[in-house]
Amino acid sequence: LVVDDADLVGAPKLVGTYKQRVLLGSNDVAYVSNMPVDKGTQWQVYRLGKTFVDPDSAEVLGREVNYLGDAIVEKFAPISELRITKAVLEIAVGDYFTQSTQAFAASFEPHAPTSHIVTKVISIYGGVGQAGQNAIITLNKGSRDGLENGHVLALYQKGEVLKGGSFFKPKDITLPNVRYGLVFVFRTFQKVSYALVLQTRLPVELLDTAQTP
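Per this note's numbering, the sequence shown starts with residue 12, numbered consecutively.
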């Protein structure tokens with residue numbers, strides 16, 4: 012998920028553990044503040060990750076949050092009692108809770124955007140600097156920019172600059188951008204999107220461009 016700082020204000024937060032345990036796993040008890048009583052008992056646990064910043068405007072685009080597991084409310088109170096029903100990673104004090112989300116559609120109709128959209132790769136899932144086929148990347152454009160689930164974009168690498176200064180080449184020459192692959196947008200937020208690398212003949216690198224084919 013991607014959230015704004017405003018989403019974190021007043022969000023349910025893990026503030027204590029049974030017998031002051033440092034880390035929680037499946038079937039452990041968690042004590043949570045700000046748990047609303049009108050939004051059900053099924054919740055998911057997340058931890059704040061990296062902050063996405065637009066490389067061109069320096070605008071903060073949101074905070075990535077990493078899924079840790081599932082929990083169920085056993086007692087509503089000023090400090091509510093929850094039980095961890097599933098843990099994919101260790102859970103600790105300071106982690107946040109959000110309502111369980113319905114699985115998004117696993118089937119999309121691939122199509123190109125009807126408008127000209129130019130976006131950049133700002134993150135590669137797993138924290139690596141390069142990606143290949145079937146990797147997940149984050150783009151610095153979202154629904155407010157016209158991106159939607161199912162959009163297919165072409166990947167481009169910035170053209171190399173050939174330095175001048177010689178008799179035969181007095182000026183620098185910038186070669187055209189190189190188109191080298193395709194990505195498939197599968198989840199959009201307001202300011203960022205996640206995309207799957209469908210095909211590529213070069214490594215996908217941070218700040219490469221993805222745009223309307």
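In this text, a Cβ means the ideal position worked out from N, Cα and C, and glycines have one as well. On a predicted model such as this, the values are computed, not experimentally measured, just so you know.
Of the choices the options, whose alpha-carbon is the least far from that of residue i?
i: residue 72; options: 108, 156, 121; result: 156
i: residue 199; options: 187, 161, 74, 181; result: 161
i: residue 30; options: 185, 74, 41; result: 41
i: residue 57; options: 70, 50, 27, 22; result: 22
i: residue 195; options: 24, 171, 122, 87; result: 122
i: residue 201; options: 182, 154, 171, 224; result: 154
i: residue 169; options: 176, 187, 182; result: 187
i: residue 13; options: 177, 51, 109, 224; result: 109
Excluding the five sequence neighbours on either side, which residues of its own chain have a C-beta within less than 7 angstroms of the C-beta of residue i, listed in chain order?
i: residue 85; result: 92, 93, 94
i: residue 146; result: 135, 136, 208, 215
i: residue 218; result: 66, 131, 132
i: residue 50; result: 110
i: residue 210; result: 144, 192, 193
i: residue 6; result: The first residue shown for the chain is 12 and the last is 224, placing residue 6 beyond what the model contains.
Can you give me the Cβ contacts of residue i inside the same chain, cut-off strictly under 8 angstroms, excluding the 5 residues immediately before and after it?
i: residue 96; result: 37, 38, 80, 81, 82, 83
i: residue 130; result: 150, 151, 152, 156, 158, 164, 204, 220, 221, 222
i: residue 107; result: 19, 22, 23, 24, 25, 56, 57, 58, 59, 76
If I measure Cβ to Cβ from residue i and keep anything under 6 angstroms in the same chain, skipping five residues before and after, which residues do I get?
i: residue 19; result: none
i: residue 173; result: 184
i: residue 61; result: 75
i: residue 182; result: 175
i: residue 46; result: 23, 91
i: residue 171; result: 186
Report the CB separation of residue i from residue j in whole angstroms; it is logged as a contact under 8 angstroms.
i: residue 24; j: residue 43; result: 7 angstroms
i: residue 111; j: residue 53; result: 4 angstroms
i: residue 119; j: residue 63; result: With a Cβ gap of about 23 angstroms, residue 119 and residue 63 do not count as contacting.
i: residue 206; j: residue 128; result: About 12 angstroms separates the two Cβ atoms, so there is no contact after all.
On the criterion of 16 or more Cβ atoms from any shown chain inside 10 Å, does residue i qualify as buried, or is it exposed?
i: residue 90; result: exposed
i: residue 69; result: exposed
i: residue 17; result: exposed
i: residue 88; result: exposed
Q) Hey, is the segment 189 to 205 in contact with the segment 157 to 177, meaning 3+ C-beta pairs nearer than 8 angstroms? A) A contact is defined here as three or more CB-CB pairs under 8 angstroms, and the segment 189 to 205 meets this definition with respect to the segment 157 to 177.
Q) So does the segment 34 to 43 actually touch the segment 96 to 114, counting three or more Cβ pairs closer than 8 angstroms? A) The segment 34 to 43 is in contact with the segment 96 to 114.
**Q.** the segment 140 to 158 / the segment 205 to 218 touching (three or more Cβ pairs under 8 angstroms)
**A.** Touching, yes.
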